[in-house]
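What follows is a set of notes on a single structure, which appears directly below.
Number of protein chains: 2
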Amino acid sequence: MKKLLNRPDAYADEALAGLCAAHPDIYRQLGETGRVIARAGGMREGKVGIVSGGGSGHMPTFTGYVGEGLLDACSVGNVFAGPSVLDCMEAVKAANGGRGVLLLYGNYGGDKMNFNMAAEMLEMEGIPTKTVLVADDVGSAQRSEREKRRGVAGLIYPYKIAGAKAEQNDASLSDVAAIARKAVDATVSIGVALTPCTVPEAGKPTFSIDEGEMEIGMGIHGEPGIVRGPLKSADAVADDMLERLLADADIGAGERVSVLVNSLGATPLEELYILYARIEKRLKERDISIVMPRVGRYATSMEMAGASLSLCRLDSELEALLAAPAVCPFWSAV
Amino acid sequence: MKKLLNRPDAYADEALAGLCAAHPDIYRQLGETGRVIARAGGMREGKVGIVSGGGSGHMPTFTGYVGEGLLDACSVGNVFAGPSVLDCMEAVKAANGGRGVLLLYGNYGGDKMNFNMAAEMLEMEGIPTKTVLVADDVGSAQRSEREKRRGVAGLIYPYKIAGAKAEQNDASLSDVAAIARKAVDATVSIGVALTPCTVPEAGKPTFSIDEGEMEIGMGIHGEPGIVRGPLKSADAVADDMLERLLADADIGAGERVSVLVNSLGATPLEELYILYARIEKRLKERDISIVMPRVGRYATSMEMAGASLSLCRLDSELEALLAAPAVCPFWSAV
Numbered sequence: 001m002k003k004l005l006n007r008p009d010a011y012a013d014e015a016l017a018g019l020c021a022a023h024p025d026i027y028r029q030l031g032e033t034g035r036v037i038a039r040a041g042g043m044r045e046g047k048v049g050i051v052s053g054g055g056s057g058h059m060p061t062f063t064g065y066v067g068e069g070l071l072d073a074c075s076v077g078n079v080f081a082g083p084s085v086l087d088c089m090e091a092v093k094a095a096n097g098g099r100g101v102l103l104l105y106g107n108y109g110g111d112k113m114n115f116n117m118a119a120e121m122l123e124m125e126g127i128p129t130k131t132v133l134v135a136d137d138v139g140s141a142q143r144s145e146r147e148k149r150r151g152v153a154g155l156i157y158p159y160k161i162a163g164a165k166a167e168q169n170d171a172s173l174s175d176v177a178a179i180a181r182k183a184v185d186a187t188v189s190i191g192v193a194l195t196p197c198t199v200p201e202a203g204k205p206t207f208s209i210d211e212g213e214m215e216i217g218m219g220i221h222g223e224p225g226i227v228r229g230p231l232k233s234a235d236a237v238a239d240d241m242l243e244r245l246l247a248d249a250d251i252g253a254g255e256r257v258s259v260l261v262n263s264l265g266a267t268p269l270e271e272l273y274i275l276y277a278r279i280e281k282r283l284k285e286r287d288i289s290i291v292m293p294r295v296g297r298y299a300t301s302m303e304m305a306g307a308s309l310s311l312c313r314l315d316s317e318l319e320a321l322l323a324a325p326a327v328c329p330f331w332s333a334v
Numbered sequence: 001m002k003k004l005l006n007r008p009d010a011y012a013d014e015a016l017a018g019l020c021a022a023h024p025d026i027y028r029q030l031g032e033t034g035r036v037i038a039r040a041g042g043m044r045e046g047k048v049g050i051v052s053g054g055g056s057g058h059m060p061t062f063t064g065y066v067g068e069g070l071l072d073a074c075s076v077g078n079v080f081a082g083p084s085v086l087d088c089m090e091a092v093k094a095a096n097g098g099r100g101v102l103l104l105y106g107n108y109g110g111d112k113m114n115f116n117m118a119a120e121m122l123e124m125e126g127i128p129t130k131t132v133l134v135a136d137d138v139g140s141a142q143r144s145e146r147e148k149r150r151g152v153a154g155l156i157y158p159y160k161i162a163g164a165k166a167e168q169n170d171a172s173l174s175d176v177a178a179i180a181r182k183a184v185d186a187t188v189s190i191g192v193a194l195t196p197c198t199v200p201e202a203g204k205p206t207f208s209i210d211e212g213e214m215e216i217g218m219g220i221h222g223e224p225g226i227v228r229g230p231l232k233s234a235d236a237v238a239d240d241m242l243e244r245l246l247a248d249a250d251i252g253a254g255e256r257v258s259v260l261v262n263s264l265g266a267t268p269l270e271e272l273y274i275l276y277a278r279i280e281k282r283l284k285e286r287d288i289s290i291v292m293p294r295v296g297r298y299a300t301s302m303e304m305a306g307a308s309l310s311l312c313r314l315d316s317e318l319e320a321l322l323a324a325p326a327v328c329p330f331w332s333a334v
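Taken in sequence, the protein lines are chains Z and W.
Take the first sequence: its letters are residues 1 to 334, numbered as in UniProt numbering.
Take the second sequence: its letters are residues 1 to 334, numbered as in UniProt numbering.
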């Protein structure tokens, strides 16, 4: 894979600089390293803050979701590497409106370690935090060990839902954490990888996969999936992913779900819509209603080819928060 | 390149079906072939219509830009092949609100032939049309032969600007055609290709390019560009593209432009923002102001790697129309 970049070690920083330069009304860069992105307009006093973060290389995740009705700040690391403790602290401070800050991020060891350390130090400085981990990837652990699951594209649902809750003037940190937890519990995801991506500083693909093969359940950093086998038709892939999610989450007739068909990067919109058409048909057959479907690039691995499917089971509370206004370039109202 | 699809000959149709299934409030499929996409809410009487179209394989171009403040209908063909005359006629009829219809599409022989034939037949049926061709690709012909230039990603500017004009109750077909022409004249684009894409029915890449090479000026169907050479740094590529556009359009200090940094498909947001950061810096140095920049996937060639840069020189009239509301999943207000 060929990349348009300058120095590999400047990839993450230059991308962040461009994001902020292109959208100065939405994002601003903070911290000594510039690896903290916060809302351009600053933090509103009395609002519960929400911070996320993780490795670079997943745009628009994580930083793209900073914005009204979504996140308040993000700290990011190098490509596929967690943010530093100092940057996590800086992000939390930027998101501190005096009502506490929710740390809402994917379930990865390095991220957890650094966010936890930052939270401990900030507790001593008088900034209370709560942590909710996104763990939606059914390909990474059995349902009986849900706390071991990784966080993937389904993270947009807790972001959007907790983000909407935190805009409400009477919402406390406990309220926002509780709804984030509910959104995490409601969300399941699974991916299929067709090609690897290349971390700029490594200079070679993260894994290898034969021309005629695909891997179901692979993680967004190339973590091993559930099954590798011959590349199947889009319909067969859609059916396989959907069946796994419906079974795992036990979603049945009469329920309402939001559906996210996400490209891991190179896979174009055309293929996402081919997958979506099948998923919509299958859900209709089962009398499951789709609300606010999302089709596009929401959490990527740079130029990796492949897609993921996420379902978020909605009740009236989650649905209203999902539909609430949000302002960032990567969340469409329609 | 590996694709998630069913039958190669169903690729375009299934993608359209998915687009309409995912966004039933925005799009509806018309025509015997289903290759015509119109606004879900139908055509408003008394409004000038705008129709576009072309080959499939460029999502969200063309069909994605049907929506309030943008296009009224589109007709599309197979991947990289023009729409049929019948579908062009069907699209124009769907966009007919009794005030005439603007045909606004890229300058390609097959598209022109079929849209022209459709326009002639509809003239006899009493539906007046005017045609404005988008010809923004400076890599495809000299400025002295601008009418020979192909239409590429810069088409979003005439779409958005003419689309906003057509929503005004007092706008006539001539008014809308005139502003579309003005937007076309104000827009220049150039692309750089790093890898080819594969047309599903052909099953092999559209062209070949060595691992260490790039081609400046290549068209979105793999048409030959201006120069092929070693892959350069993002800054060098950004400078090269920007200099060509500024020289061609003679844009100088004190002017206002909108900037579009567009991925041809596989190239991720990170790389687009790296390019954007450099372009913003260079324009600032020249005292040229950026208004409403766009960074993302606006006109693609499926999974082709590469990017294009477009500039639209604004006066107060064009800027106001560019900033007017628009409702589709692929146009962000921020």
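C-beta atoms are modelled at their ideal positions from N, C-alpha and C, and glycine is treated no differently.
Query                                                                                                                                     : Result
C-alpha distance - Leu-321 of chain W paired with Lys-165 of chain W, whole-angstrom precision                                            : 7 angstroms
Thr-300 of chain Z: contacting residues in chain W (beta-carbon distance under 8 angstroms)                                               : Pro-268 and Leu-269
Contacts that Ala-320 of chain Z makes with chain B (C-beta to C-beta distance below 8 angstroms)                                         : Given the protein chain composition of this structure (Z and W), no chain B is represented.
Closer than 9 angstroms at the beta carbon, the chain W residues around Ser-233 of chain Z                                                : Leu-4, Leu-5, Asn-6 and Arg-7
Distance, Gln-142 of chain W Cα to Leu-102 of chain Z Cα                                                                                  : 56 angstroms
Chain Z contact for Tyr-159 of chain W (CB, 7 angstroms cutoff)                                                                           : no
DSSP state of Glu-215 of chain Z mapped onto helix, strand, coil                                                                          : strand
Listed by chain order, chain Z residues near Leu-19 of chain W by CB distance under 7 angstroms                                           : Tyr-273
Burial state of Ser-316 of chain Z, where buried means 16 or more other Cβ atoms lie within 10 Å                                          : exposed
Chain-ordered chain Z contacts of Val-36 of chain W [CB-CB under 9 angstroms]                                                             : Going along chain Z, no residue has its Cβ under 9 angstroms from Val-36 of chain W, so there is no contact; the nearest lies around 16 angstroms.
The region 39 to 58 of chain W: positions lying closer than 8 angstroms to chain Z by Cβ                                                  : Ser-56 and Gly-57
Pro-329 of chain W: contacting residues in chain Z (beta-carbon distance under 7 angstroms)                                               : Ser-332 and Val-334
Chain Z contact for Pro-293 of chain W (CB, 7 angstroms cutoff)                                                                           : yes
Inter-stretch contact (C-beta, 8 angstroms, three-pair minimum) for the region 236 to 251 of chain W and the region 176 to 190 of chain W : yes
Under 7 angstroms from the C-beta of Asp-239 of chain Z: neighbouring residues of chain W                                                 : The contacting residues do not exist; Asp-239 of chain Z stays about 12 angstroms from chain W at best.
Stretch pair the region 304 to 318 of chain Z + the region 168 to 188 of chain Z: three plus CB contacts closer than 8 angstroms          : yes
Short CB-CB distance (under 7 angstroms) between Gly-222 of chain Z and chain W                                                           : no
Bounding residues of the alpha helix (DSSP H) (the contiguous stretch that carries Ala-307 of chain Z)                                    : Looking at the DSSP string, Ala-307 of chain Z is not in any alpha helix (DSSP H); the run it does join, the beta strand (DSSP E), is 306 to 314.
Beta carbon of Ile-179 of chain W nearer than 7 angstroms to that of Leu-104 of chain W                                                   : no
Contact check, His-58 of chain W vs Thr-267 of chain W, beta carbons under 7 angstroms                                                    : no
C-alpha distance - Glu-215 of chain Z paired with Tyr-157 of chain Z, whole-angstrom precision                                            : 25 angstroms
CB contact flag (Ala-177 of chain W, Gly-151 of chain W, <7 angstroms)                                                                    : no
Alpha-carbon spacing of Val-36 of chain W relative to Val-48 of chain W, whole angstroms                                                  : 18 angstroms
Buried versus exposed call for Gly-203 of chain W [16 or more other C-beta atoms within 10 Å across all chains shown]                     : exposed
Identity of the residues DSSP links to Cys-74 of chain Z by a beta bridge                                                                 : Z:Ile-37 and Z:Ser-52
Members of the region 57 to 78 of chain Z near chain W, C-beta cut-off 7 angstroms                                                        : Gly-57, Met-59 and Pro-60
Cβ distance (whole Å) where Ala-326 of chain Z is taken to contact Gly-163 of chain Z below 8 angstroms                                   : 7 angstroms
Closer than 9 angstroms at the beta carbon, the chain W residues around Asp-87 of chain Z                                                 : None at all; the shortest Cβ gap to chain W is about 18 angstroms.
Span separating the alpha-carbon of Tyr-65 of chain W from that of Lys-160 of chain W                                                     : 9 angstroms
Gly-296 of chain W versus Gly-53 of chain W - alpha carbon distance                                                                       : 21 angstroms
Residue nearest to Ala-234 of chain Z in terms of C-alpha spacing, selected from Z:Ser-172, Z:Ala-193, Z:Ala-247 and Z:Ser-84             : Z:Ala-193
Residue from Z:Met-89, Z:Ser-140 and Z:Asp-137 with nearest C-alpha to Ile-127 of chain Z                                                 : Z:Met-89
Own chain partners of Glu-303 of chain W with C-beta closer than 6 angstroms, once the 5 adjacent residues on each side are dropped       : Met-1, Cys-197, Gly-265 and Ala-266
Residue environment, Glu-280 of chain Z, which counts as buried when at least 16 other CB atoms sit within 10 Å                           : buried
Buried versus exposed, by CB contacts within 10 Å (16 or more), Lys-73 of chain Z                                                         : The identity of residue 73 of chain Z in the sequence shown is Ala, whereas the question assumes Lys. The residue in question, Ala-73 of chain Z, is buried, as its Cβ has 16 or more Cβ neighbours within 10 Å.
Anticipated Cβ contact below 8 angstroms, Gly-109 of chain Z with Val-79 of chain Z, distance rounded                                     : In fact, because the Cβ distance is near 17 angstroms, the residues do not count as touching under 8 angstroms.
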